[in-house]
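Structure first, commentary second.
Protein chains in written order, with this note's numbering: chain Y, 106 to 502; chain F, 106 to 502.
This is the structure in structure tokens:
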């Protein structure tokens, strides 16, 4: 029943599909899966923190008590008790968030895609940090925006720079806590100024907050959402505080936008797995995160300290790096003439890996930057890997 | 720390977002959740067929043996053993499908969204059946195609109609087995002619096949994929043969397209939950579907027979309907002057629900049509509901 000698298809992809390319990070990750590699490249949380037994028990409970509901199609906006949990957890510092403002999504990345789908036209102005989270740049790129890079320093992005270019933009995307890729935190003063600036401009402000609970001292800064719930779109995730493989996150947005996002989600994948949402709710409903998150914080703080110590010990004085107060990443700036992509090739030859910084820039990539992740590597191996990198860099000075 | 009196945001949605609207079906489903309603409206499989215990055991096995891998980020293309299973299951009738051609997705709906994202530009010609699956129309609509409706009869779409309008189109979307919404099957002769026509035109043919294994006599027609694996894009799903709430399906496509779809998926949601894929593989790897699917088939065949008998008994002679040989749906054509949307209001007042046919048309909606689903209703309630509908229709003649 085979068709004989059919014409080969000349694939005619959509214009937006030309903009798609595989993430540099995921390509590097393929190389660095080999066990002999000391990899600072991953954005993966440490599996040592995954509450596997707890999750297993929750799957058993949900499937035993409510299996036929958990395995059936579910509502597009998400499992109501979990939306209520999210709304409660964000109704702090004087803000009131309702469950109707919460849309459950298949990981934060889907939230970014839906926001792009609903807010970005070809040529729309979109403001991002310098550098910005690569996954957001990828998700938005598909919809053809004109990115405007907002300058930053060690206290995060500069709100006054938003004032001059923000008019008419579709959104500003910020990752205020322990940013990916830099590990920087937006200071309290700047949060207030940024929310105020965006409110004056009528500019939707996206607050992406996957690492917010991972502050090493346990005292996070106030969320921008709580300062203006009518102007801030908040994104949260269970990937970094529970496990990423279940693909579960949420977007909190003002009514007109969240209803539009819900319609977009319906056309995109109907809904996020009901079973997963019920299981996560079962795991966290009685306060599990309050005992679990400190374990993650302590582990990450320990490894961050190990890496900072190793950087001081082994990196030449011409190199600088950020000192994160939480999260998973350190950002390194090399002398101007060193290209981190070329350095990566040499590093991999010595079984060490990291992510070059250039892809994190929407405009004007700084090729002398790189991102180090420390959470999945033991302190001994951190020291060994940083020592090797330091030697390679020193040889280029 | 609240910002005082901020400007309310004037939401500026993307042009494509104007095209989004909530599915009529999902709106109706909200009404028809009340237990007193006899609902023929759902597209939901019968939860009586969900292998809950088997799934529970598989979650336990996977999390016990491989929990940290299952709960970590995974590859974008999917879990290799499951992709191998899919490739093997489709390497039939002389065709060879490789695991590299398989992309795991979060339900077929996501496959449709990714295909739209990668293949459809504003104004691209897209060919669909008359009527067509509503979810596909929704997913594609976002990308702004010009839909061309291909005429159909009781043996499915007419391949000769494709020949005259197919040149330059980006894709043809067909659901050949027990179509949603009509329950019709594309005949073997037409499959061959359609594959041949598309191959001559170099036109990508999407074969959406969620119900393919649910033929009541257990003898499905050959898949179009096997007739020309280089020109047909096949979509399968575990929603109708296992459970829909886990959101797991797959797209099988020629290399250049599947790699582009993989990039689009990465930007859209990174990957589909690894845990779910490992669990489904655990459930099906030893031949479970071969014993499970006949149970679903028998149940659905029984209920289809009950509905066909009730239609013959209670519906006026002026009404006609399809006689499905598998799947979940019967399509009803009323006399020209009866609007099924108005009929629905009267039916709901009498605690019976169905889905009006108009939204399933990309062009020129036929308002005198409706879709009946029979799989979640007992034969007694089917008889009761059809009797009520028959009376309402008779009163309009």
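Even glycine gets a Cβ: it sits at the ideal position worked out from N, Cα and C. Computed from a predicted structure; not experimentally measured.
_What ranges does the beta strand (DSSP E) occupy inside the stretch 325-350 of chain Y, keeping only unbroken runs of at least 3 residues that lie completely in it?_
337-342
*Below 8 angstroms between beta carbons is the criterion; list the residues of the stretch 114-140 of chain Y that meet it against any residue of chain F, in chain order.*
Under the 8 angstroms Cβ criterion, the stretch 114-140 of chain Y contributes 114, 115, 116, 117, 118, 119, 120, 121, 122, 125, 126, 127, 128 and 131.
*Measure from the alpha carbon of residue 215/Y to the alpha carbon of each residue in 471/Y, 344/Y and 476/Y, then state which is nearest.*
Sequence index remark: in the first chain, residue 215/Y carries index 110 (1-based). Of the candidates 471/Y, 344/Y and 476/Y, the residue whose Cα lies closest to the Cα of residue 215/Y is 344/Y.
_Can you tell me where the beta strand (DSSP E) holding residue 209/F begins and where it ends?_
Mapped onto the second chain, residue 209/F falls at position 104. Taken as a continuous stretch (DSSP letters only), the beta strand (DSSP E) holding residue 209/F covers 207-210.
*Can you list the residues of chain F that residue 169/Y reaches, using a CB-CB cut of under 8 angstroms?*
Here residue 169/Y refers to the residue found at position 64 of the first chain. In chain order: 161.
_Is it buried or exposed, residue 483/F, if we count other Cβ atoms within 10 angstroms and call 16 or more buried?_
Position 378 of the second chain, counted from the first residue, corresponds to residue 483/F. Counting Cβ neighbours within 10 Å, residue 483/F comes out exposed, since fewer than 16 surround it.
*asked:* Contact criterion: CB-CB distance below 7 angstroms. Does residue 373/F meet it with respect to chain Y?
replied: Residue mapping note: residue 373/F aligns to position 268 of the second chain, counting from 1. Yes - at least one Cβ of chain Y is within 7 angstroms of the one on residue 373/F.
*residue 474/F to residue 461/F span [Cα, whole Å]*: In the second chain, residue 474/F corresponds to position 369, counting from 1. In the second chain, residue 461/F corresponds to position 356, counting from 1. Computed Cα separation, rounded: 6 angstroms.
*Using the rule of at least 16 other Cβ atoms within 10 Å of the residue's Cβ for burial, across every protein chain shown, is residue 288/F buried or exposed?*
Mapped onto the second chain, residue 288/F falls at position 183. Its Cβ being crowded by 16 or more others within 10 Å, residue 288/F is buried.
*Other residues of its chain near residue 441/Y: CB distance less than 6 angstroms, five sequence neighbours each side excluded*: Along the first chain, one-based indexing puts residue 441/Y at 336. So the list reads 473, once near-sequence residues are dropped.
*Does the Cβ-Cβ distance between residue 419/Y and residue 476/Y come in under 7 angstroms?*
For the purposes of this step, residue 419/Y is taken as residue 314 along the first chain, with counting starting at 1. For the purposes of this step, residue 476/Y is taken as residue 371 along the first chain, with counting starting at 1. Their beta carbons are not under 7 angstroms apart, which means residue 419/Y does not touch residue 476/Y by this criterion.
*With DSSP as the reference, label residue 116/Y as helix, strand or coil.*
Here residue 116/Y refers to the residue found at position 11 when the first chain is read from its first residue. Coil.
*Measure from the alpha carbon of residue 520/F to the alpha carbon of each residue in 274/F, 282/F, 424/F and 175/F, then state which is nearest.*
The displayed coordinates of chain F run from 106 to 502. Any statement about residue 520/F would go beyond what the structure contains.
*Between residue 472/F and the ligand MN, is the CB less than 6 angstroms from at least one heavy atom?*
Within the structure as shown, the ligand MN is missing, as the structure has no ligands at all.
*Whose C-alpha, out of 318/F, 246/F, 363/F and 498/F, is nearest the C-alpha of residue 464/F?*
Numbered from 1 along the second chain, position 359 holds the residue referred to as residue 464/F. Closest by alpha carbon: 246/F.
_Anticipated Cβ contact below 8 angstroms, residue 399/F with residue 495/F, distance rounded_ = The sequence position of residue 399/F within the second chain is 294, counting from 1. The sequence position of residue 495/F within the second chain is 390, counting from 1. With 8 angstroms as the limit, residue 399/F and residue 495/F do not qualify as a contact, their Cβ atoms being about 32 angstroms apart.
*Listed in chain order, which residues of the stretch 284-311 of chain F have Cβ atoms closer than 9 angstroms to some Cβ of chain Y?*
293, 296, 297, 300, 301, 303, 304, 305, 306, 307, 308 and 309
*Decide if the stretch 383-390 of chain Y is in contact with the stretch 154-170 of chain Y; the criterion is three or more beta carbon pairs, one per stretch, under 8 angstroms apart.*
yes
*Could you tell me whether any Cβ in chain F is nearer than 7 angstroms to the Cβ of residue 341/Y?*
Against the first chain, residue 341/Y aligns to sequence position 236. Chain F contact via Cβ: absent.
*asked:* Per the DSSP calculation, residue 313/F is bridged to which residue(s)?
replied: Residue mapping note: residue 313/F aligns to position 208 of the second chain, counting from 1. Its beta-bridge partners are 340/F.
*For residue 230/Y, the three-state DSSP class (helix, strand or coil)*: Here residue 230/Y corresponds to residue number 125 of the first chain, with the count starting at 1. Strand, per DSSP.
*Per the contact definition of three or more C-beta pairs closer than 8 angstroms, is the stretch 174-193 of chain F in contact with the stretch 338-355 of chain Y?*
Under the Cβ criterion (8 angstroms, minimum of three pairs), the stretch 338-355 of chain Y counts as touching the stretch 174-193 of chain F.
_Amino acids of chain Y, ordered along the chain, whose beta-carbon sits closer than 8 angstroms to that of residue 327/F_ = Mapped onto the second chain, residue 327/F falls at position 222. Chain Y residues near residue 327/F: 106.
*Just the C-alpha distance for residue 305/Y and residue 112/F, rounded to the nearest angstrom, thanks.*
Looking up residue 305/Y in the first chain gives position 200. Looking up residue 112/F in the second chain gives position 7. Their Cα atoms are separated by approximately 6 angstroms.
*Identify each residue in the stretch 177-190 of chain Y for which the Cβ-Cβ distance to at least one residue of chain F is less than 8 angstroms, and report them in chain order.*
177, 178, 179 and 181
*Taking the runs of the alpha helix (DSSP H) that are 4 residues or longer, which of them lie wholly in the stretch 413-470 of chain F?*
445-454
_Top-ranked residue by Cα proximity to residue 358/Y, from 130/Y, 182/Y, 114/Y and 153/Y_ = Here residue 358/Y refers to the residue found at position 253 when the first chain is read from its first residue. Among 130/Y, 182/Y, 114/Y and 153/Y, the Cα nearest to that of residue 358/Y is on 182/Y.
*If we count the other Cβ atoms within 10 Å of its Cβ and call it buried at 16 or more, is residue 151/F buried or exposed?*
Counting from 1 along the second chain, the entry for residue 151/F is found at position 46. Looking at its Cβ environment, which holds 16 or more other Cβ atoms inside 10 Å, residue 151/F is buried.
*Pairing CB atoms from the stretch 401-418 of chain F with CB atoms from the stretch 319-335 of chain F, are three or more of them under 8 angstroms?*
yes
*Strand pairing of residue 355/Y, partner residues [DSSP]*: On the first chain, residue 355/Y is found 250 positions in, with the first residue counted as 1. Beta-bridge pairing links residue 355/Y to 209/Y and 341/Y.
*If you follow the beta strand (DSSP E) that residue 296/F is part of, which residue opens it and which one closes it?*
The residue you call residue 296/F lines up with position 191 of the second chain. Residue 296/F -> not in any beta strand (DSSP E); alpha helix (DSSP H) instead, spanning 293-306.
*What does residue 365/F touch in chain Y if you count any residue whose Cβ is under 7 angstroms from its own?*
For the purposes of this step, residue 365/F is taken as residue 260 along the second chain, with counting starting at 1. Result: 118, 122 and 125.
_Please identify the residue among 397/Y, 417/Y, 164/Y and 328/Y whose C-alpha is closest to the C-alpha of residue 488/Y._
Within the first chain, numbered from 1, the residue matching residue 488/Y stands at position 383. Checked all of 397/Y, 417/Y, 164/Y and 328/Y; the closest Cα to residue 488/Y is 417/Y.
*Around the Cβ of residue 275/Y, are there at least 16 other Cβ atoms within 10 angstroms (buried) or fewer (exposed)?*
For the purposes of this step, residue 275/Y is taken as residue 170 along the first chain, with counting starting at 1. Label assigned to residue 275/Y: buried.
*Are the Cβ atoms of residue 277/F and residue 319/F separated by less than 7 angstroms?*
Locating residue 277/F in the second chain gives position 172, where the first residue counts as 1. Locating residue 319/F in the second chain gives position 214, where the first residue counts as 1. No, Cβ-Cβ distance for residue 277/F and residue 319/F is not below 7 angstroms.
*With a CB to CB cut of under 8 angstroms and the five nearest residues on each side skipped, what residues in its chain are close to residue 300/Y?*
In the first chain, counting from the first residue as 1, residue 300/Y sits at position 195. Answer for residue 300/Y: 310, 329, 332, 333, 336 and 337, listed in chain order.
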